[in-house]
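Take the position in the sequence shown, starting the count at 1, then add 164; the result is the number in my numbering.
Even glycine gets a Cβ: it sits at the ideal position worked out from N, Cα and C.
Since the structure comes first, as structure tokens, the remarks are kept for the end.
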Amino acid sequence: MWNNIDEHVLSEIVKINAEQVDGKVSEDSYTKKATAYLQSFFDNEISVLYTINGTAANVVALKALLDRFGTVICAEQAHINTYECGALEYNLGNKILTVPTENAKITPQMVDKLLFDEKNHGYYPQVIAITQPTELGTLYTIEELKNLTKYAHEKGMKLFVDGARLGSALASLECSIREMMAETDVDVFTVGGTKAGAMFGEAIVFTDKNALSAGEYILKQSLQHFDKSKFLGAQMLALFENDRWIKNFDHANKMAKLLEAELSKKGIKPYFPVQSNMMFCVIDENTLEKIRELYDIKYWFEDKRVVRIATTFATTEEDVIKLVESI
């Protein structure tokens, strides 16, 4: 379950509770060290903002990138378009244009078609927003990221990457933030702490410090000025130390592959490639009812009888076998 907390993170929260604050909001030593970890992947100076959750991170990041009249382009399955209750439109008032996709990944060619189809409506595209891994568990390769960023920049746009589960992509592709973000020229990306084992916390990384001129004001206006920031910074730092967050997601990825292997023995195949910590598969209604006796699960695509099963750092082999045996 996502609401589990990594024991190391939890112990850090308890430990620092007895310590005096050693800096103002976001300037405490824990937050500074967490930022230093992210800075280590870049040669140029970056800026980092911290928020409580992933929806806030997406809204704050895009607020910094969009003018009031700007438009953001994303896959139709993107979290900002589907599972954030219209947070971007409500808080920013900006328009979202969606690209139809089968696997939640968008390409320059898809965006080109969208821009052609919408050219007479007066939209002003400023940002292409993608998710890595996508909402369907699929991954953008390093080369695909390079091509998409190059395309965005040629069109005068920025590329934003929602990285709520970024650690899963890094573990699966066996690469670093430097390779995935710095060397592909991504403009802004988030690093999810919550799904990596934190109680709460996400980092927004602006890969060019000069691209963010009023970060603290944006945070304050977006209700993300967190007075007890040491608890946020300490959690992110606890995950960053020894790349614990990557190892947590690597375990989750392996459990997803185990789930795929075990379900295949029962004739249940993945609906999308299992490339991260999620598996989508077709389950009939009778079987789903059996599973529901043990787990809170529902159809992700009801018309196709497709369910989503996500694994985490806390998932064990026994958990996987128990789920499979319930079918």
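Between the C-alpha atoms of residue i and residue j, what's the straight-line distance to the nearest angstrom?
| i | j | result |
| --- | --- | --- |
| MET165 | ASP460 | In this predicted model, MET165 has a pLDDT of only 46, less than 50, meaning its place in the structure is not dependable enough to derive any value. |
| ILE368 | ASN450 | 43 Å |
| GLY301 | LYS373 | 31 Å |
| SER224 | SER332 | This sequence places Val at residue 224; Ser is not what is there. Straight-line Cα distance between these residues: approximately 23 Å. |
| HIS172 | LEU330 | 20 Å |
| CYS249 | LEU312 | 27 Å |
| LYS322 | LEU458 | 44 Å |
| LYS430 | GLU338 | 30 Å |
| THR571 | THR371 | The chain is shown only over 165 to 491; residue 571 falls outside these bounds and no answer can be derived. |
| LEU396 | GLY365 | 6 Å |
| ASP349 | SER490 | 46 Å |
| VAL291 | SER336 | 26 Å |
| LYS269 | ILE485 | 31 Å |
| LEU278 | GLU318 | 16 Å |
| ALA316 | LEU487 | 43 Å |
| ARG232 | PHE413 | 36 Å |
| TRP409 | ALA328 | 12 Å |
| ASN168 | LEU174 | 10 Å |
| ILE260 | ASN284 | 16 Å |
| ILE180 | LYS418 | 32 Å |
| ALA251 | TYR463 | 24 Å |
| LEU202 | ALA239 | 27 Å |
| PHE353 | LEU256 | 19 Å |
| GLN184 | LYS392 | 11 Å |
| LYS314 | GLN273 | 13 Å |
| SER377 | PHE280 | 33 Å |
| HIS243 | ILE341 | 22 Å |
| GLU209 | GLY320 | 22 Å |
| LYS197 | ILE455 | 43 Å |
| LYS188 | TYR381 | 15 Å |
| LEU452 | ALA474 | 16 Å |
| ASP170 | LYS411 | 12 Å |
Check whether the Cβ atoms of residue i and residue j lie closer than 8 Å to each other.
| i | j | result |
| --- | --- | --- |
| TYR254 | LYS394 | no |
| PHE390 | ASP351 | no |
| VAL446 | ALA420 | no |
| ILE294 | TYR287 | no |
| LEU403 | ALA362 | yes |
| ALA478 | ASN441 | no |
| GLU481 | LEU401 | no |
| SER211 | GLY379 | yes |
| VAL275 | ASN258 | no |
| GLU299 | GLN241 | yes |
| THR271 | ASN245 | no |
| LEU334 | LEU213 | no |
| ALA398 | GLU191 | no |
| ASP448 | ARG472 | no |
| ASP326 | ASN406 | no |
| ILE306 | GLU266 | no |
| GLU466 | MET443 | no |
| ALA346 | PHE206 | yes |
Are any of the Cβ atoms in chain B nearer than 8 Å to that of residue i?
| i | result |
| --- | --- |
| ASP186 | Although the question refers to chain B, the structure presented lacks it and comprises just one protein chain. |
Between which two residues does the alpha helix (DSSP H) holding residue i run?
| i | result |
| --- | --- |
| GLN203 | 193 to 203 |
| ILE180 | 171 to 180 |
| LEU230 | Segment: none, LEU230 is in no alpha helix (DSSP H) and carries neither H nor E. |
| THR246 | 243 to 246 |
How far does the beta strand (DSSP E) with residue i in it reach, from first residue to last?
| i | result |
| --- | --- |
| TYR214 | 211 to 215 |
| PRO272 | Per DSSP, PRO272 belongs to no beta strand (DSSP E); it is in the alpha helix (DSSP H), 272 to 281. |
| ALA239 | 235 to 239 |
| ALA251 | That residue, ALA251, is in no beta strand (DSSP E); its alpha helix (DSSP H) goes 251 to 256. |
| GLN290 | 289 to 295 |
| ILE491 | Counting along the chain, ILE491 falls outside any beta strand (DSSP E), and DSSP gives it neither H nor E. |
| THR262 | 259 to 263 |
For the structure I just gave you, are there three or more beta carbon pairs, one from the segment 215 to 227 and one from the segment 348 to 360, closer than 8 Å? yes
So, do the segment 222 to 240 and the segment 426 to 443 have three or more beta carbon pairs nearer to each other than 8 Å? no
With a floor of 4 residues, list each alpha helix (DSSP H) that falls wholly inside the segment 374 to 430, ordered by position along the chain. 379 to 385, 393 to 404 and 408 to 428
Segments assigned beta strand (DSSP E), at least 3 residues, entirely inside the segment 443 to 482: 463 to 465 and 470 to 474
Any alpha helix (DSSP H) of 4 or more consecutive residues that is wholly inside the segment 297 to 376: 306 to 318 and 330 to 337
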